[in-house]
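Trainee: Per the working numbering, residue 5 is the first one in the sequence shown, and the count goes up by one each step. Note that CB positions come from ideal geometry on N, CA and C, so glycine has one too. Let me begin by handing over the structure; questions about it come next.
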Amino acid sequence: MIGAWGHGGGVLAALEQFPDEFEIVGWAKVFPEDNPQGLKATLKIGANAPVFENPAGLLKETRPQVVVVSTRLDQIAPLAIAAAQSGCHLICEKPLALSHADLSALYTAVKKANVQCVAILGNCAHPALRAARKAVRDGLIGDIVLCNARKTYKFGTDRPLWFGRRDCYGGTIPWVGMHALDFIMSVTGLRFTAVAAMQGNMSHPQYPDCEDHCALILRLSNGGHATLSLDFLRPPGAPSHGDDRLRVAGSRGVIEAGLTLNTCVLISEDKPPLKLSLPEPENFFADLVRKLRDDPESLAETTMSSFHLTRVCLCARDAADRQQVIPIPVC
Numbered sequence: 005m006i007g008a009w010g011h012g013g014g015v016l017a018a019l020e021q022f023p024d025e026f027e028i029v030g031w032a033k034v035f036p037e038d039n040p041q042g043l044k045a046t047l048k049i050g051a052n053a054p055v056f057e058n059p060a061g062l063l064k065e066t067r068p069q070v071v072v073v074s075t076r077l078d079q080i081a082p083l084a085i086a087a088a089q090s091g092c093h094l095i096c097e098k099p100l101a102l103s104h105a106d107l108s109a110l111y112t113a114v115k116k117a118n119v120q121c122v123a124i125l126g127n128c129a130h131p132a133l134r135a136a137r138k139a140v141r142d143g144l145i146g147d148i149v150l151c152n153a154r155k156t157y158k159f160g161t162d163r164p165l166w167f168g169r170r171d172c173y174g175g176t177i178p179w180v181g182m183h184a185l186d187f188i189m190s191v192t193g194l195r196f197t198a199v200a201a202m203q204g205n206m207s208h209p210q211y212p213d214c215e216d217h218c219a220l221i222l223r224l225s226n227g228g229h230a231t232l233s234l235d236f237l238r239p240p241g242a243p244s245h246g247d248d249r250l251r252v253a254g255s256r257g258v259i260e261a262g263l264t265l266n267t268c269v270l271i272s273e274d275k276p277p278l279k280l281s282l283p284e285p286e287n288f289f290a291d292l293v294r295k296l297r298d299d300p301e302s303l304a305e306t307t308m309s310s311f312h313l314t315r316v317c318l319c320a321r322d323a324a325d326r327q328q329v330i331p332i333p334v335c
């Protein structure tokens, strides 16, 4: 693992359940103050792995099959490029890059090395979204017309100060919005072709470049539309850190999925609302690493989706900055 901040620890914790299958072969610091030893102490599959003072040492000495890149967001793309050039498959903190140029450079490196690069987006495996996806694919709501996704978080009291710097953080649309876009794409199978957005910071002046509210409207690849609401305004007294929801309206019905509530409700033309049964939870990241190990080509579409979602986020941030509708290029 490269880095010591972000959601990478959650990926490794998922692998900890299968000690006979997976081994962490090394930890690498990105910044001198990084403390991978703290995470290392909690994971038996990495207890004997060496800690390197820099990523280059890890890549040279251990030659890992898969590298988890999880650190400050402005460092994701250059570190992922270096790992791809070393022939490693990648599981990266999102967004994959903070600029269009860096995203294109990473895409080129991944394609040249013939490796896969997947963003850490595990919500697509959430039982509520899997139930929604099945209902949509079974045709229970007809053609997709409109999607509404919501992400709301508590801001907390220990957020790193670099969240207040655009050059390090990149903006709330890429950081939070990528999850909400993934909700929509994973359930509907549709991509995004254009975006308009607005954003602002009205409650957290100590973090000037960390927008605490964002609103997006997007055109879907089938001609329908989607809206996103993103905020850091969830009160400290709320029962959970976040409250994530997705509504998909079709020509013959509506699906409402609550990730925090773990519910999925179907509202159809001629029946009262029906709470759909949910599938059993699955270990998304363990399955992901197995595919990278055994059949990486099966994740080619997942790689493309990770790049598409990052590109959409960067275009949405541009749209908010410029107050324009921005077309989204095809990867």
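Answer yes or no: do Leu-278 and Ala-135 have a C-beta to C-beta separation smaller than 8 Å?
Mentor: No, the pair does not count as a contact, with Cβ atoms beyond the cut-off.
Trainee: Quick test of your reading: Val-73 and Cys-151, contact by CB under 8 Å. State the CB separation rounded to the nearest angstrom.
Mentor: That belief does not hold up - the Cβ atoms of Val-73 and Cys-151 are roughly 30 Å apart, past 8 Å.
Trainee: Reducing DSSP to helix, strand and coil, say where Glu-65 ends up.
Mentor: Here Glu-65 sits in helix by DSSP.
Trainee: Are the CB atoms of Val-70 and Trp-31 within a distance shorter than 8 Å?
Mentor: No, they are not a contact pair.
Trainee: Where does Thr-267 fall in DSSP's three states?
Mentor: strand
Trainee: Determine contact between the region 12-22 and the region 281-301, defined as no fewer than three beta-carbon pairs at a distance below 8 Å.
Mentor: The region 12-22 makes contact with the region 281-301: 3 or more CB pairs, one atom from each, lie closer than 8 Å.
Trainee: Is Thr-156 near the ligand SAM - that is, is its Cβ less than 7 Å away from at least one heavy atom of it?
Mentor: Absent from the structure shown: the ligand SAM. Ligands present: none.
Trainee: Going straight from the alpha carbon of Gly-211 to that of Phe-167, what length do you get?
Mentor: The displayed chain sequence assigns Tyr, not Gly, to residue 211. Each residue's Cα considered, the two are about 6 Å apart.
Trainee: Measure the CB-CB distance between Leu-81 and Ala-101 and report whether it falls below 8 Å.
Mentor: The residue asked about is misnamed: residue 81 is Ala in this sequence, not Leu. Cβ atoms of Ala-81 and Ala-101: closer than 8 Å.
Trainee: Can we say the region 217-226 touches the region 184-202, given the rule of at least three CB pairs closer than 8 Å?
Mentor: yes
Trainee: Between Lys-295 and Pro-209, what straight-line distance do the alpha-carbon atoms span, to the nearest angstrom?
Mentor: When rounded, the distance between both Cα atoms is 44 Å.
Trainee: For the putative contact between Lys-155 and Gly-246, defined by C-beta atoms under 8 Å, what is the C-beta separation to the nearest angstrom?
Mentor: Correct: roughly 7 Å between the Cβ atoms.
Trainee: Below 8 Å between beta carbons: does that hold for Val-119 and Ala-88?
Mentor: yes
Trainee: Cα separation between Pro-68 and Leu-62?
Mentor: 8 Å
Trainee: With a threshold of 16 other CB atoms inside 10 Å of the CB of Pro-240, please say whether the residue is buried or exposed.
Mentor: exposed
Trainee: Go ahead and label Met-206 buried or exposed: buried means 16 or more other beta carbons lie within 10 angstroms of its beta carbon, across all protein chains shown.
Mentor: exposed
Trainee: Could you give the uninterrupted runs of the beta strand (DSSP E) lying entirely in the region 223-277, keeping only those of 3 residues or more?
Mentor: 229-235, 249-254, 257-262, 267-272
Trainee: Using three-state DSSP, classify Thr-197 as helix, strand or coil.
Mentor: strand
Trainee: Work out the CA separation of Gly-228 and Val-329 for me, nearest whole Å.
Mentor: Taking the straight line joining both Cα atoms gives about 16 Å.
Trainee: Taking all protein chains shown into account, decide if Ala-45 is buried (16 or more other Cβ within 10 angstroms of its Cβ) or exposed.
Mentor: exposed
Trainee: Roughly how many angstroms lie between the CA atoms of Glu-37 and Ala-139, to the nearest whole one?
Mentor: 47 Å
Trainee: Measure the Cβ-Cβ separation of Ile-124 and Cys-96 and say whether it is below 8 Å.
Mentor: yes
Trainee: Drop a sphere of 10 angstroms on the beta-carbon of Thr-112, count the other beta-carbons inside from all chains shown, and report buried for 16 or more, exposed for fewer.
Mentor: Sixteen is the threshold: since fewer than 16 other Cβ atoms of the shown chains lie within 10 Å of the Cβ of Thr-112, the residue is exposed.
Trainee: For Tyr-211, does the three-state DSSP call read helix, strand or coil?
Mentor: coil
Trainee: Which partner residues of Thr-156 appear in the DSSP bridge assignment?
Mentor: Asp-235
Trainee: Kindly list the residues whose CB is nearer than 7 Å to the CB of His-312, restricted to its own chain and excluding five residues on each side of it in sequence; keep chain order.
Mentor: Arg-195, Cys-335
Trainee: Look up His-104 in the DSSP assignment and say whether it is helix, strand or coil.
Mentor: helix
Trainee: Skipping 5 residues on each side, what residues in its chain have a beta carbon closer than 6 Å to that of Phe-236?
Mentor: Tyr-157, Phe-159, Asp-216
Trainee: What ranges does the beta strand (DSSP E) occupy inside the region 117-149, keeping only unbroken runs of at least 3 residues that lie completely in it?
Mentor: 121-123
Trainee: CB Ser-190 to CB Arg-137, shorter than 8 Å?
Mentor: Going by C-beta atoms, Ser-190 is nearer than 8 Å to Arg-137.
Trainee: How would you write the range of the alpha helix (DSSP H) that Leu-94 sits in, first residue to last?
Mentor: From DSSP, Leu-94 is part of no alpha helix (DSSP H) but of the beta strand (DSSP E) over 93-96.
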